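Chemist: Residue numbers (full-length UniProt numbering): 1 to 139. Backbone N, C-alpha and C define an ideal beta-carbon position, used for all residues, glycine too. Here the structure is a predicted model, which means the values were calculated and not measured. Handing you a structure now.
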Amino acid sequence: MFPTVEQSVPAHLISDAPQPAPLPVTLSYRADDPLAVRMVFPAAVSLSGATVTWTFARSLLDAGLHTPSGTGDVHVWPCGRTQTMVELRSPEGVALLRFATGRLRHFLLHSYATVPAELETRAIDIDSGLASLLGEARG
């Protein structure tokens with residue numbers, strides 16, 4: 001079994017409402033997928049009524065704590081000294097979330113204790129990944 005880091009992190013959904021809506025988010029990091037983090041939203045807050053998981057680079061989350069980062073569907077940037085913004089874009093729309101930077105930093109510290117950045121590529125099981133891809137292509 002590979003080590004996993006999971007942490008509940010409160011977020012606030014920024015919208016046209018007078019007050020940002022609190023949103024429970026779980027951040028997850030798995031040593032068997034060392035380049036990625038997962039941001040999991042409960043079914044109760046999704047449009048589909050199912051749990052929604054966004055997967056993106058751990059390095060993107062880390063960089064976004066210090067400077068605007070991201071291309072494509074996920075963007076992360078600092079908002080003052082204590083807040084971090086995460087923008088998620090999909091065909092269904094855009095979600096803008098505000099997090100306490102300290103909570104994100106805490107999660108990242110635990111993920112780096114599990115797999116240090118300089119060992120990320122060594123922790124990837126290339127043979128299993130290729131076998132999985134080739135198996136799916138043949139099936």
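Output needed for residue 82: all residues of its chain with C-beta closer than 8 Å, excluding positions within five of it in sequence on either side, in chain order.
Modeler: Counting only Cβ-Cβ distances below 8 Å, and skipping sequence neighbours, we find 100, 101 and 102.
Chemist: Rounded to the nearest angstrom, what separates residue 67 and residue 78 at their Cα positions?
Modeler: Near 6 Å, if we compare the C-alpha coordinates of residue 78 and residue 67.
Chemist: Where does residue 26 fall in DSSP's three states?
Modeler: Residue 26 falls in the strand class under three-state DSSP.
Chemist: Alpha carbon to alpha carbon, how far is residue 34 from residue 54?
Modeler: C-alpha separation (whole angstroms): 15 Å.
Chemist: Using a threshold of 8 Å, state whether the C-beta atoms of residue 47 and residue 92 are closer than that.
Modeler: Their beta carbons are under 8 Å apart, which means residue 47 touches residue 92 by this criterion.
Chemist: On a CA-only basis, which of 60, 117 and 71 is nearest residue 104? Give me that one, please.
Modeler: Measuring from the Cα of residue 104, the nearest candidate turns out to be 60.
Chemist: Report the three-state DSSP secondary structure of residue 118 (helix, strand or coil).
Modeler: Residue state, collapsed to three classes: helix.
Chemist: What's the call for residue 64, buried or exposed, on a 16-neighbour Cβ count within 10 Å?
Modeler: By the neighbour-count rule (16 or more Cβ atoms within 10 Å), residue 64 is buried.
Chemist: What separation, rounded to the nearest whole angstrom, lies between the Cα atoms of residue 15 and residue 30?
Modeler: Computed Cα separation, rounded: 31 Å.
Chemist: Residues in the same chain with beta-carbon distance under 6 Å from residue 89, minus the five sequence neighbours each way, listed in chain order, please.
Modeler: Correct list, in chain order: 73.
Chemist: Provide the residue(s) that pair with residue 6 in DSSP beta bridges, ordered along the chain.
Modeler: DSSP lists 28 as partners of residue 6.
Chemist: Skipping 5 residues on each side, what residues in its chain have a beta carbon closer than 7 Å to that of residue 8?
Modeler: Only 24 and 26 meet the Cβ criterion.
Chemist: How many angstroms separate the CA atom of residue 62 from the CA atom of residue 135?
Modeler: Taking the straight line from one Cα to the other gives about 33 Å.
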